[in-house]
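Its first residue numbered 141, the sequence shown is counted upward by one per residue in this note's numbering.
Just so you know, even glycine gets a beta-carbon here, dropped at the ideal spot from N, CA and C.
Please read all numbers here as calculations on a predicted model, not as lab measurements.
The structure appears right after this line, and notes come after that.
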Amino acid sequence: MTRRLILLAHCLLNGSAKLRGNDAPAVLEPLVLPLIREGFGVIQLPCPETTYLGLRRWGMTSEQYDTPPFRRHCRRILEPLLDQVEDSLRESFRVAGVVGPEGSPSCGVGCTCGGFCGGEPAEGVPEARRIPGPGVFMDQLRLCLEERGLFLPFAGVDEGNPEGCRPAALSFAPLGAFSRPDGDGQGGFRS
Ligand code: SF4
141 MTRRLILLAH
151 CLLNGSAKLR
161 GNDAPAVLEP
171 LVLPLIREGF
181 GVIQLPCPET
191 TYLGLRRWGM
201 TSEQYDTPPF
211 RRHCRRILEP
221 LLDQVEDSLR
231 ESFRVAGVVG
241 PEGSPSCGVG
251 CTCGGFCGGE
261 PAEGVPEARR
271 IPGPGVFMDQ
281 LRLCLEERGL
291 FLPFAGVDEG
301 NPEGCRPAAL
311 SFAPLGAFSR
321 PDGDGQGGFR
331 S
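Written out as structure tokens, the structure is:
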């Protein structure tokens with residue numbers, strides 16, 4: 141049987157990694173449970189913000205995170221995981237893709253949080269807003285995958301719309317993304 145894997149942003153499986161004061165569930169069940177029922181093996185990505193600044197961090201924008209040391213941190217924590225993904229692909233596992241929560245400055249896929257605002261911490265940041273484009277971690281993940289000749293689909297989920305999570309996250313899964321060196325580029329190796 142061909143095993144299927146999917147990569148999920150850390151907090152989709154562990155809401156406690158998110159910023160203090162959020163009301164995220166421990167596990168985003170409408171996304172995760174159907175994946176498990178459908179036989180996906182789930183690889184949990186590391187949380188780049190918690191492993192960089194801890195649980196007492198402030199909310200920041202993607203511009204604030206987009207620095208050489210944060211990108212270096214992302215690259216470093218991704219390294220062992222990418223080794224595992226690459227090895228799984230070589231063993232003919234299928235890797236459906238990557239799913240991240242929209243709006244995150246690190247893990248957003250189609251939209252992130254922008255509106256740079258440095259300086260002293262303040263109550264609320266009116267300049268911060270959703271803007272198009274990936275978060276820094278997902279952008280770095282894509283770059284690291286491409287450096288290895290790996291091309292996976294990415295999908296974002298809107299955590300505020302749990303019922304919409306599953307179709308969004310699985311939009312690419314029926315493709316059975318290719319995972320072999322002779323795949324056609326819909327996820328997997330590209331020569
Ligand atoms: S950095 Fe990513 S994994 Fe960590 S809490 Fe934010 S969205 Fe979730």
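For the stretch 197–206 against the stretch 245–256, do three or more pairs of beta-carbon atoms, one drawn from each stretch, fall closer than 8 Å, so that the two count as touching?
They touch, by the three-pair rule.
Pair every Cβ in the stretch 160–176 with every Cβ in the stretch 254–269, then say whether three or more of these pairs are closer than 8 Å.
Judged by Cβ distances under 8 Å, the stretch 160–176 makes no contact with the stretch 254–269, as fewer than three pairs qualify.
Three Cβ pairs or more, each shorter than 8 Å: is that satisfied between the stretch 169–180 and the stretch 263–278?
Output reads no: the stretch 263–278 does not touch the stretch 169–180.
Nearest CA to the CA of ALA236: which residue from LEU290, GLY243 and GLU303?
Ranking the options by Cα distance to ALA236, first place goes to LEU290.
Quick one: residues in its chain with C-beta nearer than 6 Å to the C-beta of LEU195, no 5 flanking neighbours on either side, listed in chain order?
Nothing meets the Cβ criterion.
Which class does ALA236 belong to by DSSP, given the choice of helix, strand or coil?
If DSSP states are grouped into helix, strand and coil, ALA236 belongs with the strands.
Looking at C-alpha atoms only, which residue of PRO261, GLU226, ARG216 and ASP223 is the closest neighbour of PHE277?
That would be ARG216, whose Cα lies nearest to the Cα of PHE277.
One question on the structure: do LEU152 and LEU171 come within less than 8 Å of each other, judged by their Cβ atoms?
The answer is yes: Cβ separation under 8 Å.
Alpha carbon to alpha carbon, how far is THR190 from GLU169? Give it in angstroms, no decimals.
About 22 Å.
Under three-state DSSP, which class holds ARG143?
Looking at ARG143 - three-state DSSP - the assignment turns out to be coil, as it is neither helix nor strand.
Within 7 Å: the Cβ of GLU203 and any heavy atom of the ligand SF4?
The answer is no for GLU203.
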